[in-house]
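Visitor: Below you'll find the structure I mean.
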Amino acid sequence: MSVAIQAESLAKSFGTTRALDGVDLEVAAGTVLGLLGPNGAGKTTAVRILATLLAPTAGRAQIGGYDVVRQPHQVRQLIGLTGQYAAVDESLSGTENLSMLGRLLGLGKAQASQRAAELLEHFDLAEAGGRMVKTYSGGMRRRLDLAASLVGQPPVLFLDEPTTGLDPRSRNGLWAVIRELVAEGTTLLLTTQYMEEADHLAGHIAVIDHGQVIATGTPDELKAKIGGQVLEVRPANPSAVDRAAGLLVELTGNQATIDRDIRLISVPMPDPAWLPVAVRRLDEAGIIVVDLALRRPSLDEVFLTLTGRPAEAEPLQDGAGHERSAA
Amino acid sequence: MSADASTLPDGPMNPRLRRISPGLALRHALLVARRNLLQVRGNPQLVIFVLIQPILFVLLFVYVFGGAISGSSRQYVQYVIPGIIVQTVVFVTSVTGIGLNEDLAKGIIDRFRSLPIARSAVLAGRILSDTVRLTATVVAILTVGMLLGFRITTSPVAALAGLVLIIAFGIALSWVAALIGLSVRNPETAQSAGFIWMFPLTFASSAFVVASTMPGWLQPFVRINPISVAADALRGLLLAGPVLGPVLKTVAWIVALTVVFAPLAIRQFRRLA
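Those protein sequence lines, which keep their order, are chains B and R. Residues 1 to 327 (my numbering) are what the first sequence spells out, left to right. Residues 328 to 600 (my numbering) are what the second sequence spells out, left to right.
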């Protein structure tokens with residue numbers, strides 16, 4: 001199978017900050033790679049380098065065999081980019097936004113209008129096409145933004161956190177469209193900080209943190225990495241949550257995730273045989289449990305296991321803003 | 328420079344264009360310019376800034392200050408219209424910086440930069456659309472001025488040359504605004520940073536009053552101020568008075584501003600990534 005996106009030892013420094021620290025990526029044509037990581041992990045920097053917007057400090061990258069630094073013009077003919085913020089023109093209508101891009105890409109006036117109409121129809125924006133984008137909802141803007149990156153029918157698509165800030169319904173709608181694109185053969189590199197999103201859309205996942213890829217594999221392989229299952233325990237009494245968590249951490253040697261709002265403790269449990277032990281210890285400590293379950297781990301827990309901290313931690317630094325000021 | 332064939336799938340991954348011809352680059356710039364001008368419909372405040380505000384300036388200066396400065400508003404209108412044209416051209420160039428900054432902040436420049444279009448399209452398109460905007464403003468002020476009694480006393484050719492000169496002066500200043508717009512973080516800063524230097528420059532000039540009425544220490548500045556020079560050149564070409572000296576000085580300013588600021592703005596644009 002041919003390689004659509006390839007990066008070798010990609011590095012990028014902004015002043016003393018190493019945003020990317022030797023990243024290798026490979027995406028086979030027609031597949032989806034999910035680049036998963038928290039804010040400031042280097043996802044956007046990686047996408048900007050692959051989309052020819054940013055020169056790497058070291059390493060190299062190719063799209064369809066064309067080097068992003070030496071052959072950017074060829075690369076740009078192969079790619080579509082949808083960034084974190086809907087890059088559409090608010091003072092223009094949806095139709096005008098898309099047909100302007102069509103004409104920039106070499107379509108005639110009539111062809112560009114027709115392409116715009118097709119895309120608007122496909123993205124459920126046909127009725128809003130004549131309206132100024134400033135009247136659109138967040139979900140509509142994102143759909144238009146995605147449509148805008150598809151005007152030239154690029155075989156390779158970069159989506160940088162395409163659903164951040166969307167409500168669940170808009171997000172599901174966008175996911176459906178993305179899956180369709182992939183079914184039609186588009187190669188997709190998707191960045192996300194949502195495990196669920198990567199799980200849903202990506203055949204392969206690269207987990208990135210502090211500018212380095214810390215794990216790769218299919219969603220199932222990554223889940224298998226943390227081994228076995230996850231034990232969920234819900235003490236009846238809120239005051240017992242910490243004690244119960246302490247017991248479970250001691251027993252399993254793994255980090256526990258605690259959701260205080262619903263008093264839920266989750267801890268990876270490599271060996272199901274430990275379940276009765278856990279129950280006995282909790283009982284001995286006089287902790288009454290209202291819920292107890294073993295389940296398969298989520299990718300959030302994979303992240304926690306790999307990095308020792310939750311994926312959706314406080315942003316370390318504002319990726320895009322930082323890059324801009326330091327560039 | 329061909330790609331490794333083994334990594335190239337059949338069909339779709341085949342870029343058609345090797346390079347962009349100058350004709351294509353011009354087409355791209357024109358399309359971006361057209362888009363910039365279409366934006367005006369969605370921004371009534373831009374119309375106010377570019378058209379209504381200058382007209383208010385004309386009315387205020389002529390009827391409020393006119394009597395005090397020149398003895399009568401009828402006399403003053405002859406003096407001040409060329410000055411207000413220059414002042415407005417200077418103010419309107421700030422739109423270049425604000426527009427570029429907004430496009431930058433909203434990721435629109437990133438989108439353009441990820442397309443297989445000429446690198447020059449964004450800046451060239453911006454300068455082109457602002458030329459159209461400048462022309463509209465100049466024509467509007469001249470029209471209002473004529474309604475208030477302003478009369479061109481030279482030839483139409485000289486008058487046209489004067490307007491072209493002033494629009495060229497505006498384009499040269501647009502590069503300054505472009506550099507500011509591409510260097511600051513947000514549109515608000517672009518607005519204030521783009522404006523702050525304009526007030527002392529336009530008022531400490533011969534745009535509204537003759538330099539000889541100002542204190543001696545200020546006069547050397549007023550005389551080399553590009554806005555004085557441009558206002559004097561326009562007066563010479565529309566009305567009477569010395570032409571060659573002010574026109575040559577204005578051309579020198581246009582060349583100097585462009586030579587210094589166009590490369591800086593282009594360099595800043597390239598570094599943005």
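Beta carbons: idealized from backbone N, C-alpha and C, even for Gly. Given the structure is predicted, the values throughout are model-derived calculations rather than measurements.
1. Quick check on the DSSP output: what are the complete beta strand (DSSP E) runs of length 3 or more inside the region 58-91 of chain B, in order along the chain?
2. Can you list, in chain order, the residues of its chain whose CB lies under 8 Å from that of R:Pro514, leaving out five sequence neighbours each side?
3. Determine, using beta-carbon pairs with one atom in the region 244-254 of chain B and one in the region 263-275 of chain B, whether at least three such pairs fall under 8 Å.
4. At the level of alpha carbons, what is the spacing between R:Arg562 and B:His122?
5. What residues in its chain sit with their C-beta under 7 Å from that of B:Arg295, if we drop five residues either side in the sequence?
6. Find the residues of chain B that neighbour R:Gln366, judging by a C-beta separation of less than 9 Å, and give them in chain order.
7. Below 8 Å, how does it come out for the region 375-386 of chain R and the region 519-533 of chain R: are there three or more Cβ pairs, yes or no?
8. How is R:Arg438 classed by DSSP in three states: helix, strand or coil?
9. When you compare the CB of B:Leu81 with every CB in chain R, is at least one pair closer than 8 Å?
10. Check the C-beta distance from B:Ser93 over to R:Asn370 and give it rounded, since I have them as a contact under 8 Å.
11. With B:Leu10 as the anchor, note down where its alpha helix (DSSP H) starts and where it stops.
12. What separation, rounded to the nearest whole angstrom, lies between the Cα atoms of R:Ser348 and B:Leu53?
13. Secondary structure at R:Gly338, three-state DSSP: helix, strand or coil?
14. What are the boundary residues of the beta strand (DSSP E) that includes B:Asp160?
15. Measure from the C-beta of R:Gly434 to each C-beta in chain B and report whether the shortest distance is under 8 Å.
16. Could you have a look at B:Arg115 and say whether DSSP puts it in helix, strand or coil?
17. Let me make sure I understand the geometry here. Which of R:Ile551, R:Gly434 and R:Ser533 has the alpha-carbon closest to that of R:Leu509?
18. Tell me which residues of the region 94-128 of chain B have at least one Cβ-Cβ distance to chain D shorter than 8 Å, keeping chain order.
19. Determine, using beta carbons only, whether B:His322 comes closer than 8 Å to chain R.
20. Does the separation of the CB atoms of B:Arg234 and B:Asp291 fall below 8 Å?
21. Determine, using beta carbons only, whether B:Ala244 and B:Ile287 come nearer to each other than 8 Å.
22. For R:Ser399, count the other beta carbons within 10 Å of its own beta carbon; 16 or more makes it buried, fewer makes it exposed. Which is it?
23. Using 8 Å as the threshold, is the C-beta distance between R:Thr420 and R:Ala517 below it?
24. Would B:Thr192 and B:Ile5 qualify as a contact pair, given that the criterion is a beta-carbon distance under 8 Å?
25. Check whether the Cβ atoms of B:Leu166 and B:Leu181 lie closer than 8 Å to each other.
26. Among B:Ala46, B:Arg169 and B:Val23, which residue has its Cα nearest to the Cα of B:Ala370?
27. Mapping DSSP to helix, strand and coil, what is B:Pro268?
28. Can you give, in chain order, each stretch of the beta strand (DSSP E) that sits fully within the region 473-515 of chain R and has at least 3 residues?
29. Please list the partners that B:Arg263 has in chain R, where partner means a Cβ-to-Cβ separation under 8 Å.
30. Report the three-state DSSP secondary structure of B:Met195 (helix, strand or coil).
31. Distance check for B:Ala58 and B:Ala224, CA to CA, integer angstroms please.
Guide: This is what the structure holds:
1. 58-63 and 79-82
2. By one-based count along the second sequence, residue 514 of chain R stands at place 187. Contacts found: Ile425, Asn428, Glu429 and Ala432.
3. yes
4. Mapped onto the second sequence, residue 562 of chain R falls at position 235. Mapped onto the first sequence, residue 122 of chain B falls at position 122. The straight-line gap from Cα to Cα measures roughly 58 Å.
5. Your numbering for residue 295 of chain B matches position 295 in the first sequence. Same-chain partners within the cutoff: Gln229, Val230 and Glu232.
6. Here the question's residue 366 of chain R lines up with position 39 in the second sequence. By Cβ distance, chain B contributes Asp89, Glu90, Ser91 and Leu92.
7. no
8. Indexing the second sequence from 1 puts residue 438 of chain R at position 111. Looking at R:Arg438 - three-state DSSP - the assignment turns out to be helix.
9. The residue you call residue 81 of chain B lines up with position 81 of the first sequence. B:Leu81 counts as touching chain R.
10. Within the first sequence, numbered from 1, the residue matching residue 93 of chain B stands at position 93. Within the second sequence, numbered from 1, the residue matching residue 370 of chain R stands at position 43. Contact doesn't hold; Cβ gap of about 14 Å is too wide.
11. Mapped onto the first sequence, residue 10 of chain B falls at position 10. Taken as a continuous stretch (DSSP letters only), B:Leu10 belongs to no alpha helix (DSSP H), being part of the beta strand (DSSP E) at Val3 to Phe14.
12. Looking up residue 348 of chain R in the second sequence gives position 21. Looking up residue 53 of chain B in the first sequence gives position 53. Cα to Cα, the separation comes out at about 22 Å.
13. Here residue 338 of chain R refers to the residue found at position 11 when the second sequence is read from its first residue. Because R:Gly338 sits at a pLDDT of 47, beneath the cut-off of 50, its placement in the model cannot be relied upon, and the point is left open.
14. For the purposes of this step, residue 160 of chain B is taken as the residue at position 160 of the first sequence. Its beta strand (DSSP E) spans residues Val156 to Asp160.
15. Stepping through the second sequence from its first residue, residue 434 of chain R is reached at position 107. Closer than 8 Å to some Cβ of chain B, the Cβ of R:Gly434 qualifies, so yes.
16. On the first sequence, residue 115 of chain B is found 115 positions in, with the first residue counted as 1. It is helical.
17. For the purposes of this step, residue 509 of chain R is identified with residue 182 of the second sequence, where counting begins at 1. The shortest C-alpha separation from R:Leu509 is found at R:Gly434.
18. Absent from the structure is chain D; the protein chains it does hold are B and R.
19. The sequence position of residue 322 of chain B within the first sequence is 322, counting from 1. Any reading at B:His322 needs caution, since the residue's pLDDT is 35, under 50, leaving its predicted position unreliable; the model's value is listed next. For B:His322, the answer is no, since every Cβ of chain R falls outside 8 Å of its Cβ.
20. For the purposes of this step, residue 234 of chain B is identified with residue 234 of the first sequence, where counting begins at 1. For the purposes of this step, residue 291 of chain B is identified with residue 291 of the first sequence, where counting begins at 1. Their beta carbons are under 8 Å apart, which means B:Arg234 touches B:Asp291 by this criterion.
21. Translated into positions along the first sequence, residue 244 of chain B becomes position 244. Translated into positions along the first sequence, residue 287 of chain B becomes position 287. Closer than 8 Å, so yes.
22. Locating residue 399 of chain R in the second sequence gives position 72, where the first residue counts as 1. Flag for R:Ser399 reads exposed.
23. Numbered from its first residue, the second sequence carries residue 420 of chain R at position 93. Numbered from its first residue, the second sequence carries residue 517 of chain R at position 190. The answer is no: Cβ separation not under 8 Å.
24. Residue mapping note: residue 192 of chain B aligns to position 192 of the first sequence, counting from 1. Residue mapping note: residue 5 of chain B aligns to position 5 of the first sequence, counting from 1. Not in contact: B:Thr192 and B:Ile5 (Cβ atoms no closer than 8 Å).
25. For the purposes of this step, residue 166 of chain B is identified with residue 166 of the first sequence, where counting begins at 1. For the purposes of this step, residue 181 of chain B is identified with residue 181 of the first sequence, where counting begins at 1. No, Cβ-Cβ distance for B:Leu166 and B:Leu181 is not below 8 Å.
26. Lying before the first or after the last residue shown, residue 370 of chain B is absent from chain B, which here runs from 1 to 327.
27. For the purposes of this step, residue 268 of chain B is identified with residue 268 of the first sequence, where counting begins at 1. The answer is strand: DSSP assigns B:Pro268 an E or B state.
28. none
29. Locating residue 263 of chain B in the first sequence gives position 263, counting from the first residue. Ordered by position in chain R, no residue passes the 8 Å Cβ test against B:Arg263, which lies about 42 Å from the chain.
30. Here the question's residue 195 of chain B lines up with position 195 in the first sequence. In this structure, B:Met195 counts as helix in the three-state DSSP scheme.
31. Here residue 224 of chain B refers to the residue found at position 224 when the first sequence is read from its first residue. Here residue 58 of chain B refers to the residue found at position 58 when the first sequence is read from its first residue. Whole-angstrom Cα-Cα distance: 33 Å.
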